[in-house]
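Quick notes on the structure that follows.
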Amino acid sequence: SHRLSPDAPVPVIEVEESLPRAGGAGLVATMLARDGHDVRLVTVLSDDRHSATLRACLDRIEVVAGPSGAPTPVKTRVRADGHAIARIDEGCAPPPTPAATDEML
78 SHRLSPDAPV PVIEVEESLP RAGGAGLVAT MLARDGHDVR LVTVLSDDRH SATLRACLDR
138 IEVVAGPSGA PTPVKTRVRA DGHAIARIDE GCAPPPTPAA TDEML
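At position 84 of the sequence shown the residue is numbered 161 (our numbering), and the sequence of numbers has no breaks.
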């Protein structure tokens, strides 16, 4: 960052790009599918706007999803000049234990 915010002495970060991607098991499944493996990801997914983005990231993978009962966790990594300077977590509280659906079993 090359400037400070006028309302507080903190750097102003200009968003140049945003790269949504799956994390955790979704990231592993994506990498395996990219390497040519047939992948079926059995998981739980929320029904919110972040879930729609996540589903788009998993479009090359067979996903068997049950309801999660919690918001989709989002972890935004803030980088400046190639260095991580912060991570912003949304909806990352421990979710309730989901029930398995027949399709998941």
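Note that CB positions come from ideal geometry on N, CA and C, so glycine has one too.
Keep in mind that this is a model prediction, so the values were computed, not measured.
- Query: Below 8 Å, can you find three or more Cβ-Cβ pairs linking the segment 169-182 to the segment 141-151?
  - Reply: yes
- Could you tell me whether the segment 104-112 touches the segment 148-167, using the rule of 3 or more Cβ pairs below 8 Å? no
- What is the rounded straight-line gap between the Cα of R117 and the Cα of L104? Here residue 117 corresponds to residue number 40 of the sequence shown, with the count starting at 1. Here residue 104 corresponds to residue number 27 of the sequence shown, with the count starting at 1. So the two alpha carbons sit approximately 13 Å from each other.
- Query: DSSP puts H127 in a beta bridge; with which residues?
  - Reply: For this step, residue 127 is matched to residue 50 along the sequence shown. H127 is not bridged to any residue.
- Message: Closest to D158 by C-alpha separation, out of H127, P171 and E93, would be which residue?
- Response: As a first step, residue 158 is located in the sequence shown; it is residue number 81 there, counting from the start. Looking at the Cα atoms, E93 is the closest of the given residues.
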